[in-house]
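Chemist:
Protein chains: 2
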Amino acid sequence: MSAVAKAAGVSVSTVSHVVNGTRLVTPETRKRVIHAMDLLGFEHHAAARSLSAGSTRTIGLALTAASNPYWSELVAGIDVEASRSGLDLMIVDTRDDPRHEARVIANLLAHHIEGLVIAPALGWRDLTLPLLREHPIPYVLVDRLQDLRVDQVGVENENSSAALVDHLLQLGHRRVGMVAGMKGLSTSEERRAGFLLAHRRHGLEADPRLLVEGLSTSQGGRLGMLRLLSLNDAPTAVFCANNNMTIGALAALRASGLRVPQDLALVGFDDYPWADLFEPRLTTVAQPLTAIGARAVQLLLRRISDPAAPVETLRMTAHIQHRNSCGCSPEGEPVLSHEQ
Amino acid sequence: MSAVAKAAGVSVSTVSHVVNGTRLVTPETRKRVIHAMDLLGFEHHAAARSLSAGSTRTIGLALTAASNPYWSELVAGIDVEASRSGLDLMIVDTRDDPRHEARVIANLLAHHIEGLVIAPALGWRDLTLPLLREHPIPYVLVDRLQDLRVDQVGVENENSSAALVDHLLQLGHRRVGMVAGMKGLSTSEERRAGFLLAHRRHGLEADPRLLVEGLSTSQGGRLGMLRLLSLNDAPTAVFCANNNMTIGALAALRASGLRVPQDLALVGFDDYPWADLFEPRLTTVAQPLTAIGARAVQLLLRRISDPAAPVETLRMTAHIQHRNSCGCSPEGEPVLSHEQ
DNA sequence: CTGTTAGCGCCTTCAA
DNA sequence: TTGAAGGCGCTAACAG
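These protein sequence lines are chains H and P, in that order. Residue numbering for the first sequence follows my numbering, starting at -13 and increasing by one per position. Residue numbering for the second sequence follows my numbering, starting at -13 and increasing by one per position.
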């Protein structure tokens, strides 16, 4: 930078200011500086700036498992919104393991990121939350919302689950099962609540035996579905509370030789990029992940610029992606009716 | 750090050396320093170290589109291998756009990353390659290998494509079509070569009309398949050269009311996390992506430590994930035979 | 509108 | 085995 200054016949401070646009510079000198810069191939040294200015212009993103395509859209939303604000993004994978999570986040902190978007792992409160608390770093939670006064953005789990189950009940199903997610996850609890809410709305009481544990994994979904099928009064329709479990449930159905939706209607939370090509074509709740990502960054920026701003919890509305695993035609016309 | 030094009654330089283990320190003083460190909650300022030492302990990863689940496994492989070596990973999305690619990579360079793993976008040679050339930064290419003397790791495209097409020919198919990838991509060319190779091995000549362009996209795959179906002597089996095109081809088949494998056998390059749940269950070439990621990092580390090391191009062998879209039973037993 | 200068927090040569 | 001190490249008062 001093070389540029010399070449342009100005001081380093002027160069710094044209680089950052932080104070008025005569158009003419600015031009000289810029010319000198690309003459010498000047490059901004991010670390030096960060050291000096105390700001890295980088935000972190901690995800539970990059291996779930579920995040792709979210990452895209965050990426676009961050780069729009001139922020770099540093993505880390927590492996959904609290210890690893704390480790990689400590790492992010050592990099002096200016904010953090985090999809908390189960058990994050033991290590990560304290870490975050003892550091003055703004952060916002996504996906698995917490019962805490922190900024967070997720989806309307309860209402959209209820709407999906409503649909099954309206089709005439009277024994609707649910493969629920890992206990303790807010998303699991909320979706479970939606399942129950739909029943109440129809003046029904859900049979507790039809509500099984699926651990949020595809393996859990498989076992959960098998359990439901083994009941002597098995459900005629099933709601799976996340994408992995839906996969597992489908595998179980296939192994049992049951057809969807002829033998059993199946719907799930979370949409897939290729949902149209599964057989059956799955009716799902599709989250607005891009929007969630974008809003998360916006919340983060607001928190960064105004640490005293009121805490916000955003719940985006999801929509039902209507296909035919629920027993409707692709157009949404009921094709089969299941009456007891 | 100076605070730690004072607390421990030593100089900052000693503190620095115990932090980095860069010179001998009496066990006793070391203990005092360490004690002082966690007493004061000392934290290494990465930017300062980087400024002073000129090393950031961070590598970059530039991918064409985080939105393709295809990369998940690769990222996992890279992440694990990098963290094993104490390196941080900074992931950016090039959007498969040469201009955006150059932009985000310049960004990475401004961060003074120590190395870069890149899945080059089509057209990367115009902007990115020059950028990389004028910077003394080690990098390794993954996936789309180039005809350049640079470190790179990918998969055996030609042989594995040939093996897959071999399989179709062995089943008795005599008119095998191919939906090929975007021209100019090395992966496309190699897979195309594999298709031709298989025919030669069987003493056959591939009908050029059966080799259509699919642009590497699902839309292209759809159109390519439609073109094949419109031929008056349409193929009885088709090989799609990547996951997106297979998806598109499947959509075209569904729209045309054709069943796989009964009416047409279909196989594709690239496996899917959920391939078992597509209908039909797709027979594919599955790349060892985790291993590719790990090897890429190893290559990068070697290049970093020894800039003069011989350039390497690694081709990992893929395996055929045998399901039933090829017209075999799940166990691999031919169930149908297509003879002209 | 522009220049001077004191650090940011750490590493590392040089000297003891 | 340890200290002292200069400097990495840049920013941001402060002064002109």
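For each residue, glycine too, the CB sits at the ideal point set by N, CA and C. All values reported here derive from a predicted model rather than from experimental measurement.
1. Indicate the three-state DSSP secondary structure (helix, strand or coil) for Thr270 (chain H) in the structure shown.
2. Excluding the five sequence neighbours on either side, which residues of its own chain have a C-beta within less than 6 Å of the C-beta of Leu300 (chain P), listed in chain order?
3. Anyone know if the C-beta pair for Val198 (chain P) and Val165 (chain P) falls short of 8 Å?
4. Counting pairs of beta carbons, one from the stretch 273 to 288 of chain H and one from the stretch 56 to 72 of chain H, are three or more of them closer than 8 Å?
5. Here's the rule: buried if 16 or more other CB atoms are within 10 angstroms of the residue's CB, otherwise exposed. What is Gly254 (chain P)?
6. Listing by chain order, which chain H residues have their CB less than 9 Å from the CB of Phe264 (chain P)?
7. Among the residues of its own chain, which have a CB less than 6 Å from the CB of Gly46 (chain H), if the five just before and after it don't count?
8. Report buried or exposed for Pro266 (chain H), applying the criterion of at least 16 other Cβ atoms within 10 angstroms of its Cβ.
9. Can you tell me whether DSSP reads Lys(-8) (chain H) as helix, strand or coil?
10. Among H:Leu155, H:Ser147, H:Leu73, H:Val141, which residue has its Cα nearest to the Cα of Gly189 (chain H)?
11. Shortest alpha-carbon distance to Leu217 (chain P) belongs to which of P:Arg161, P:Ala88, P:Leu25?
12. In whole angstroms, what separates the C-alpha of Leu196 (chain H) from that of Ala223 (chain H)?
13. List, in chain order, every chain H residue whose beta-carbon is nearer than 7 Å to that of His308 (chain P).
14. Does DSSP put Arg245 (chain P) in a helix, in a strand, or in coil?
15. When the Cα of Asp152 (chain P) is compared with those of P:His86, P:Gly170, P:Arg186, P:Ala294, which residue comes out closest?
16. Please work out which residues of its chain come closer than 8 Å, Cβ to Cβ, to Arg345 (chain H), disregarding the five sequence neighbours upstream and downstream, and give them in chain order.
17. Could you give the DSSP three-state label for Gln138 (chain P): helix, strand or coil?
18. To the nearest angstrom, how far is the alpha carbon of Pro221 (chain P) from that of Asp262 (chain P)?
19. Using 10 angstroms around the beta-carbon of Val(-10) (chain H), count the other beta-carbons present and answer buried if the total reaches 16, otherwise exposed.
20. To be precise: take each residue of the stretch 30 to 42 of chain P, compare its Cβ to all Cβ atoms of chain H, and keep it if any distance is under 8 Å. Which residues remain?
21. What is the DSSP secondary structure of Tyr56 (chain H), counted as helix, strand or coil?
22. When you compare the CB of Ile233 (chain H) with every CB in chain P, is at least one pair closer than 8 Å?
23. Considering Cα atoms alone, identify which of H:Asn229, H:Ala241, H:Asp193 is closest to Ser202 (chain H).
24. Given a threshold of 16 other Cβ atoms within 10 Å of its Cβ, counted over all protein chains shown, does Ser(-1) (chain H) qualify as buried or as exposed?
25. First and last residue of the beta strand (DSSP E) that includes Gly46 (chain P)?
26. Taking the alpha-carbon of Asp193 (chain P) as reference, which of P:Lys169, P:Asp219, P:Gly170 has the nearest alpha-carbon?
27. Is the beta carbon of Thr44 (chain H) closer than 8 Å to that of Asp65 (chain H)?
28. Hey, out of H:Asp133, H:Ala48, H:Ala149, H:Ala68, whose CA is closest to Glu298 (chain H)'s CA?
29. Under a three-way DSSP split, which group does Thr299 (chain P) fall into?
30. Please state if the CB of Leu49 (chain H) and the CB of Thr15 (chain H) are separated by a distance shorter than 8 Å.
31. Does the separation of the CB atoms of Ala368 (chain H) and Gly313 (chain H) fall below 8 Å?
32. Would you mind listing the beta strand (DSSP E) stretches within the stretch 98 to 139 of chain H that are 3+ residues and don't spill past its ends, in chain order?
33. How would you label Ala241 (chain P), buried or exposed, when you count the other beta carbons within 10 angstroms and need 16 or more for buried?
Modeler: On the basis of the coordinates in this document:
1. For the purposes of this step, residue 270 (chain H) is taken as residue 284 along the first sequence, with counting starting at 1. In the structure shown, the three-state DSSP call for Thr270 (chain H) is strand.
2. As a working mapping, residue 300 (chain P) is identified with position 314 in the second sequence. The beta carbon of Leu300 (chain P) sits closer than 6 Å to those of Val139, Arg281, all from its chain and outside the five residues before and after it, given in chain order.
3. Working through the second sequence from its first residue, we reach residue 198 (chain P) at position 212. Working through the second sequence from its first residue, we reach residue 165 (chain P) at position 179. Yes; because the gap between Cβ atoms is below 8 Å, this pair is in contact.
4. Contact holds: three or more Cβ-Cβ distances are below 8 Å.
5. For the purposes of this step, residue 254 (chain P) is taken as the residue at position 268 of the second sequence. Looking at its Cβ environment, which holds 16 or more other Cβ atoms inside 10 Å, Gly254 (chain P) is buried.
6. In the second sequence, the residue the question calls residue 264 (chain P) occupies position 278. Chain H residues near Phe264 (chain P): Trp260, Leu263, Phe264, Glu265.
7. Translated into the one-based positions of the first sequence, residue 46 (chain H) becomes position 60. Cβ neighbours of Gly46 (chain H) beyond the five flanking positions: Met76, Leu94, Ile99, Leu102.
8. Walking along the first sequence from the start, residue 266 (chain H) turns up at place 280. Counting other Cβ atoms within 10 Å of its Cβ, Pro266 (chain H) reaches 16 or more and is therefore classed as buried.
9. Looking up residue -8 (chain H) in the first sequence gives position 6. DSSP places Lys(-8) (chain H) in helix when its eight states are reduced to three.
10. Position 203 of the first sequence, counting from 1, holds the residue named residue 189 (chain H). Closest in C-alpha terms to Gly189 (chain H), from the list H:Leu155, H:Ser147, H:Leu73, H:Val141, comes H:Leu155.
11. If you number the second sequence from 1, residue 217 (chain P) lands on position 231. Residue P:Arg161 is the option with its Cα nearest to Leu217 (chain P).
12. To locate residue 196 (chain H), count along the first sequence from 1; it is residue 210. To locate residue 223 (chain H), count along the first sequence from 1; it is residue 237. Their Cα atoms are separated by approximately 10 Å.
13. Locating residue 308 (chain P) in the second sequence gives position 322, counting from the first residue. Per Cβ cutoff of 7 Å: no residues; His308 (chain P) is ~17 Å from chain H at best.
14. Your numbering for residue 245 (chain P) matches position 259 in the second sequence. In the three-state DSSP reduction, Arg245 (chain P) falls in the coil class, being neither helix nor strand.
15. Position 166 of the second sequence, counting from 1, holds the residue named residue 152 (chain P). Residue P:Arg186 is the option with its Cα nearest to Asp152 (chain P).
16. Because residue 345 (chain H) is not part of the residues shown, which for chain H are -13 to 326, the question remains open.
17. In the second sequence, the residue the question calls residue 138 (chain P) occupies position 152. Here Gln138 (chain P) sits in strand by DSSP.
18. Residue numbering aside, residue 221 (chain P) sits at position 235 when the second sequence is read from its first letter. Residue numbering aside, residue 262 (chain P) sits at position 276 when the second sequence is read from its first letter. Spanning the alpha carbons of Pro221 (chain P) and Asp262 (chain P) requires a straight line of approximately 25 Å.
19. On the first sequence, residue -10 (chain H) is found 4 positions in, with the first residue counted as 1. That one is buried.
20. Hits within the stretch, in order: His30, His31, Ala32, Ala33, Ala34, Ser36, Leu37, Thr42.
21. Against the first sequence, residue 56 (chain H) aligns to sequence position 70. Helix, per DSSP.
22. Numbered from its first residue, the first sequence carries residue 233 (chain H) at position 247. Nearest CB-CB separation between Ile233 (chain H) and chain P: below the 8 Å threshold.
23. Working through the first sequence from its first residue, we reach residue 202 (chain H) at position 216. Out of H:Asn229, H:Ala241, H:Asp193, the CA that lies nearest to the CA of Ser202 (chain H) is found in H:Asn229.
24. To locate residue -1 (chain H), count along the first sequence from 1; it is residue 13. Exposed.
25. As a working mapping, residue 46 (chain P) is identified with position 60 in the second sequence. Note, Gly46 (chain P): beta strand (DSSP E), 44 to 49.
26. Within the second sequence, residue 193 (chain P) is the residue found at index 207, counting from 1. Looking from the CA of Asp193 (chain P), the closest CA among P:Lys169, P:Asp219, P:Gly170 belongs to P:Asp219.
27. Taking the first residue of the first sequence as position 1, residue 65 (chain H) is located at position 79. Taking the first residue of the first sequence as position 1, residue 44 (chain H) is located at position 58. No, these two residues do not count as a Cβ contact at 8 Å.
28. Here residue 298 (chain H) is taken as the residue at index 312 of the first sequence, counted from 1. Glu298 (chain H) has its Cα closest to that of H:Asp133, out of H:Asp133, H:Ala48, H:Ala149, H:Ala68.
29. Here the question's residue 299 (chain P) lines up with position 313 in the second sequence. In the structure shown, Thr299 (chain P) adopts extended strand secondary structure according to DSSP, grouped into three states.
30. Taking the first sequence and counting its residues from 1, one reaches residue 15 (chain H) at position 29. Taking the first sequence and counting its residues from 1, one reaches residue 49 (chain H) at position 63. At least 8 Å separates the beta-carbon of Thr15 (chain H) from that of Leu49 (chain H).
31. Because chain H in this structure spans residues -13 to 326, residue 368 (chain H) falls outside the shown range and cannot be described.
32. With a minimum length of 3 residues, the continuous beta strand (DSSP E) runs that stay inside the stretch 98 to 139 of chain H are 101 to 104, 125 to 128.
33. Here residue 241 (chain P) corresponds to residue number 255 of the second sequence, with the count starting at 1. With fewer than 16 Cβ atoms within 10 Å of its Cβ, Ala241 (chain P) is classed as exposed.
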